[in-house]
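So the sequences go chain by chain: V and W. When we follow my numbering, the leftmost residue of the first sequence carries the number 1, and every step to the right adds one. When we follow my numbering, the leftmost residue of the second sequence carries the number 1, and every step to the right adds one. Backbone N, C-alpha and C fix where the C-beta goes; we use that ideal spot for every residue, glycine too. Notes to accompany the following structure.
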Amino acid sequence: MILVNENTKLVVQGITGREGSFHAERCKVYGTNLVAGVTPGRGGVLWEDTVPVFDSMAEAVRETGANTSLIFVPAVGAADAILEAADAGIKVIACITEGLPVQESIKVVAHLEGSGIHLIGPNCPGLISPGANCKVGIMPGDIHSSGNVGVISRSGTLTYEAVAQLTEAGIGQSTCVGIGGDPVTGTSFTDALKLFNDDPDTHAVVMIGEIGGTREQEAADYIKSEFKKPVVAMIAGSTAPVGKRMGHAGAIITGAAATASAKIEALKAAGATIAPSAAEIGSTMSKVLA
Amino acid sequence: MKLHEYQAKEFFARYGIPIPAGKVASTATEAQEVASSMKGSTVIKAQVHAGGRGKGGGIRIAATPEEAYEAAESLIGSHLVTPQTGPSGAPVSKVLVEQTVAINKELYIAIAIDGSVKAPVIIASASGGMDIEQVANETPDKITQVRIDPTTGYQPFMGRKVAYFLGLPTELIRPFSTLVGSLYNLFREQDASLVEINPLTITEGGELLALDAKFDLEDDALNRHPQNRELRDTEQEDPLEIQADEYGLNYIRLDGNVGCMVNGAGLAMATMDIVRAAGSEPANFLDVGGGADESKIAQAFKLICADPKVTQVLINIFGGILRCDVAARGIIQGYSDLNSDMPIIVRMRGTNVEEGRQILSESDVPLTFVNELREAIPLLQSK
Chain V
1 MILVNENTKL
11 VVQGITGREG
21 SFHAERCKVY
31 GTNLVAGVTP
41 GRGGVLWEDT
51 VPVFDSMAEA
61 VRETGANTSL
71 IFVPAVGAAD
81 AILEAADAGI
91 KVIACITEGL
101 PVQESIKVVA
111 HLEGSGIHLI
121 GPNCPGLISP
131 GANCKVGIMP
141 GDIHSSGNVG
151 VISRSGTLTY
161 EAVAQLTEAG
171 IGQSTCVGIG
181 GDPVTGTSFT
191 DALKLFNDDP
201 DTHAVVMIGE
211 IGGTREQEAA
221 DYIKSEFKKP
231 VVAMIAGSTA
241 PVGKRMGHAG
251 AIITGAAATA
261 SAKIEALKAA
271 GATIAPSAAE
281 IGSTMSKVLA
Chain W
1 MKLHEYQAKE
11 FFARYGIPIP
21 AGKVASTATE
31 AQEVASSMKG
41 STVIKAQVHA
51 GGRGKGGGIR
61 IAATPEEAYE
71 AAESLIGSHL
81 VTPQTGPSGA
91 PVSKVLVEQT
101 VAINKELYIA
111 IAIDGSVKAP
121 VIIASASGGM
131 DIEQVANETP
141 DKITQVRIDP
151 TTGYQPFMGR
161 KVAYFLGLPT
171 ELIRPFSTLV
181 GSLYNLFREQ
191 DASLVEINPL
201 TITEGGELLA
211 LDAKFDLEDD
221 ALNRHPQNRE
231 LRDTEQEDPL
241 EIQADEYGLN
251 YIRLDGNVGC
261 MVNGAGLAMA
271 TMDIVRAAGS
281 EPANFLDVGG
291 GADESKIAQA
301 FKLICADPKV
311 TQVLINIFGG
321 ILRCDVAARG
331 IIQGYSDLNS
341 DMPIIVRMRG
351 TNVEEGRQIL
361 SESDVPLTFV
371 NELREAIPLL
381 QSK
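Structure, rendered in structure tokens:
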């Protein structure tokens with residue numbers, strides 16, 4: 001498994017908000033080691049009578065040894081929250097918040113470059129390692145099962161669809177990472193593939209992309225040159241028209257390289273097996289592993 | 001959010017980017033007055049949110065103020081069909097009247113975010129005035145891209161680098177670099193997603209001039225620029241898309257007959273792809289979002305059915321934050337509000353799916369429930 005495991009000590013930023021509180025509870029029930037919450041101005045209280053809330057990330061890390069953060073603060077404060085987590089020494093930061101202006105994200109991502117910090121998102125469902133009962137995100141925990149297939153995806157519910165199919169086909173997951181639907185994100189497909197390449201628990205990877213940008217093509221280059229494990233890829237948005245933003249800020253066809261067909265061609269040429277539709281992700285992986 | 005050329009040029013003027021003399025007009029008389037105030041011929045440009053205006057007859061040259069009147073008269077109030085609009089075209093309610101310019105050379109320049117380098121990039125080509133996509137496909141070596149480091153921002157050397165690539169004459173290197181700097185300031189300060197000048201001309205007098213202007217603002221950043229919201233021209237948008245926007249739904253209208261309602265953008269696209277692969281055509285993209293409640297689902301359902309092309313609705317819900325029982329109640333509410341007999345296929349799984357199915361089966365909504373997406377394929381109607 002990658003990024004989150006049995007050593008994960010989670011702090012939830014924005015734990016006293018409606019979303020933060022709801023999902024912190026779900027993560028805890030799943031088995032995640034939730035050690036702290038942070039809401040500036042609410043320090044000193046106990047969340048759900050069990051988890052200490054701090055005013056700052058620095059204090060939360062100092063007092064609890066938290067090493068991973070999950071962010072639910074509203075868009076206007078999300079960049080600040082990510083940078084505060086980084087400043088406090090957090091190594092894995094998952095930002096669920098959607099609607100960050102891209103020019104905020106690029107500054108944050110540029111600041112984290114080379115720091116060794118893994119930012120997942122923004123605008124993502126987070127990540128989960130079922131084998132360690134560690135959920136750092138908003139995905140429904142019960143569709144997952146422990147195993148040896150890694151999942152990387154730009155979307156939320158489409159990932160759940162893929163995971164549910166894998167689980168039903170008897171294929172468990174090592175770690176599932178939702179990298180997010182924005183034009184600029186921290187961890188890319190390629191970054192996640194590199195981690196899976198070095199992870200002995202991961203034997204194959206499902207990669208779910210969509211229209212917009214060229215990050216699937218970069219991943220294809222990496223798969224071709226260095227990735228040692230089988231890849232099943234699925235690209236959403238073959239029917240999307242040019243120039244219309246399909247929900248995700250990053251899902252817009254602005255040039256020939258951003259189309260689903262260009263991405264599918266690149267991945268096919270790199271040796272990935274293409275799942276013909278979202279209904280056939282589990283069955284395609286079954287065939288690849290057979 | 002897209003802006004009109006005349007709005008983009010107002011920003012250009014504010015940021016010191018040279019533009020031709022001109023003024024926007026809402027009537028033919030106004031257009032004639034503007035033309036009268038200028039020397040020689042003018043160009044009358046239809047203001048629509050679509051490219052390819054020249055090909056659609058939306059750009060006319062007028063030798064006299066009377067000709068300007070005639071051009072404006074025929075454009076204002078019409079629907080302009082270009083290669084980028086649908087067959088019904090885009091409504092023209094304003095024209096931009098500009099002084100014509102003697103041109104020596106046409107360049108292309110733009111600034112946009114490139115997700116692969118996680119930064120804004122300057123995109124430039126000496127093949128200006130053409131469809132840049134075509135240039136990129138046929139002669140990619142005629143385009144250069146220079147990354148702007150987001151922490152340091154634009155530096156003049158970046159503009160010089162582009163200028164050398166374009167082969168600009170020595171005396172234009174500095175003004176060009178300054179122009180690109182202004183363009184970057186505009187891009188950054190207004191939170192643009194694209195600013196494009198095609199063509200950026202070198203006039204016969206040897207000066208740089210932005211003949212056209214494209215300027216898209218980032219929707220997610222509009223809260224930081226509330227005054228820019230007033231620049232939105234809803235006439236250029238689909239009425240159902242505007243309604244969806246008011247409900248907080250992500251909806252894009254398409255040409256097919258199968259209305260799609262899905263939670264999550266990726267799953268929505270993947271569902272549309274399955275509809276197309278089955279030989280049918282999706283009527284829309286619709287993501288109801290994660291936090292949808294019963295009434296939002298009902299609104300979404302009614303919105304889909306408001307498109308007269310829709311003959312069937314496909315609903316695909318993966319219950320997570322949005323529970324299947326909530327979705328089921330919303331569907332029933334929307335259906336009974338409409339009082340229609342639209343055939344519906346529902347596929348649900350995830351949180352509270354059994355409860356959702358129960359609620360639907362006890363209702364009088366004539367729907368077909370399927371467990372897997374592939375079971376929906378034989379049930380889809382073609383156009």
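Report the option in the options whose CA atom is closest to the CA atom of residue i.
| i | options | result |
| --- | --- | --- |
| L254(W) | A72(W), I103(W) and T85(W) | T85(W) |
| C134(V) | I120(V), Y222(V), M1(V) and A278(V) | M1(V) |
| V313(W) | I321(W), A71(W) and A376(W) | A376(W) |
| R385(W) | L186(W), K161(W), K94(W) and T152(W) | The question about residue 385(W) has no answer here: the residues shown for chain W are numbered 1 through 383. |
| P83(W) | G57(W), R276(W) and T178(W) | G57(W) |
| T29(W) | E204(W), A110(W), E66(W) and D238(W) | E66(W) |
| P18(W) | Q227(W), L211(W) and S363(W) | L211(W) |
| L338(W) | L303(W), V353(W) and K309(W) | L303(W) |
| S37(W) | G54(W), I61(W) and A68(W) | A68(W) |
| Q47(W) | S41(W), A31(W), K23(W) and Y6(W) | Y6(W) |
| F11(W) | V117(W), K45(W) and L217(W) | L217(W) |
| I208(V) | R154(V), V51(V), D182(V) and V92(V) | R154(V) |
| G153(W) | L183(W), I132(W) and T139(W) | L183(W) |
| I71(V) | I93(V), A88(V), E216(V) and V177(V) | I93(V) |
If we call anything under 8 Å between Cβ atoms a contact, is residue i one with residue j?
| i | j | result |
| --- | --- | --- |
| I345(W) | V370(W) | yes |
| I117(V) | G126(V) | no |
| G147(V) | Q165(V) | no |
| V258(W) | L380(W) | yes |
| D325(W) | G291(W) | no |
| A50(W) | K214(W) | no |
| N316(W) | D287(W) | no |
| R245(V) | I235(V) | no |
| T252(W) | E237(W) | Contrary to the premise, residue 252(W) reads as Ile rather than Thr in this sequence. No, Cβ-Cβ distance for I252(W) and E237(W) is not below 8 Å. |
| T16(V) | W47(V) | yes |
| V35(V) | L3(V) | no |
| V205(V) | K229(V) | yes |
| I106(V) | K2(W) | no |
| A78(V) | L100(V) | yes |
For residue i, which residues in chain W fall below 9 Å Cβ to Cβ?
| i | result |
| --- | --- |
| K107(V) | P150 and T151 |
| S115(V) | By Cβ distance, chain W contributes nothing, its closest Cβ being about 13 Å from S115(V), past 9 Å. |
| L309(V) | This structure leaves residue 309(V) out entirely; chain V is present only between 1 and 290. |
| R215(V) | G115 and S116 |
Once DSSP output is grouped into helix, strand and coil, what is the label at residue i?
| i | result |
| --- | --- |
| N185(W) | helix |
| Q333(W) | helix |
| F227(V) | coil |
| I143(V) | helix |
| H79(W) | strand |
| N198(W) | strand |
| C134(V) | strand |
| E207(W) | coil |
| F215(W) | strand |
| Y251(W) | strand |
| K45(W) | strand |
| G178(V) | strand |
| I173(W) | helix |
| V109(V) | helix |
| H203(V) | coil |
Going along chain W in order, which residues have a C-beta closer than 7 Å to the C-beta of residue i?
| i | result |
| --- | --- |
| K244(V) | I252 |
| R154(V) | G266 |
| Y222(V) | Neighbours of Y222(V) on chain W: none; closest Cβ ~12 Å, over 7 Å. |
| A184(V) | In the sequence as presented, Ala is not what sits at residue 184(V); that position holds Val. Per Cβ cutoff of 7 Å: I113, G115 and K118. |
| L100(V) | D220 |
Can you pull the chain V neighbours of residue i, defined as C-beta to C-beta under 9 Å?
| i | result |
| --- | --- |
| T351(W) | P140 and D142 |
Can you name the residues of chain V whose CB is closer than 7 Å to the CB of residue i?
| i | result |
| --- | --- |
| M158(W) | Per Cβ cutoff of 7 Å: no residues; M158(W) is ~16 Å from chain V at best. |
| D191(W) | P101 and Q103 |
Cβ closer than 8 Å: which chain W residues qualify as neighbours of residue i?
| i | result |
| --- | --- |
| L83(V) | Correct list: empty, because the minimum Cβ distance to chain W is about 13 Å. |
Given 7 Å as the limit, tell me if residue i has its C-beta closer than that to any heavy atom belonging to the ligand FAD.
| i | result |
| --- | --- |
| D182(V) | The ligand FAD is not among the ligands present in this structure, which contains no ligands whatsoever. |
- If you measure beta-carbon to beta-carbon, which residues of the region 255-266 of chain W are closer than 7 Å to chain V? Answer set for the region 255-266 of chain W: N263, G264, A265 and G266.
- Message: Can you pull out the residues from the region 274-288 of chain W whose beta carbon lies closer than 7 Å to at least one beta carbon of chain V?
- Response: If the cut-off is 7 Å between Cβ atoms, the region 274-288 of chain W has I274, R276, A277, P282, F285 and D287 near chain V.
- Message: Beta carbons nearer than 7 Å to chain V: which residues of the region 301-332 of chain W have them?
- Response: If the cut-off is 7 Å between Cβ atoms, the region 301-332 of chain W has F318, G320 and I321 near chain V.
- Message: Which residues of the region 245-257 of chain V have a Cβ closer than 7 Å to any Cβ of chain W? Give them in chain order.
- Response: Contacts with chain W (Cβ-Cβ distance below 7 Å) from the region 245-257 of chain V involve M246, G247, H248, A249, G250, A251, G255 and A256, listed in chain order.
- Message: Tell me which residues of the region 111-137 of chain W have at least one Cβ-Cβ distance to chain V shorter than 7 Å, keeping chain order.
- Response: Residues passing the 7 Å Cβ filter: I113, G115, S116, K118, A119, E133, A136 and N137.
- Item | Interfacial residues, the region 370-381 of chain W to chain V, with Cβ spacing under 7 Å | Per Cβ criterion, the list reads E372, L373 and R374.
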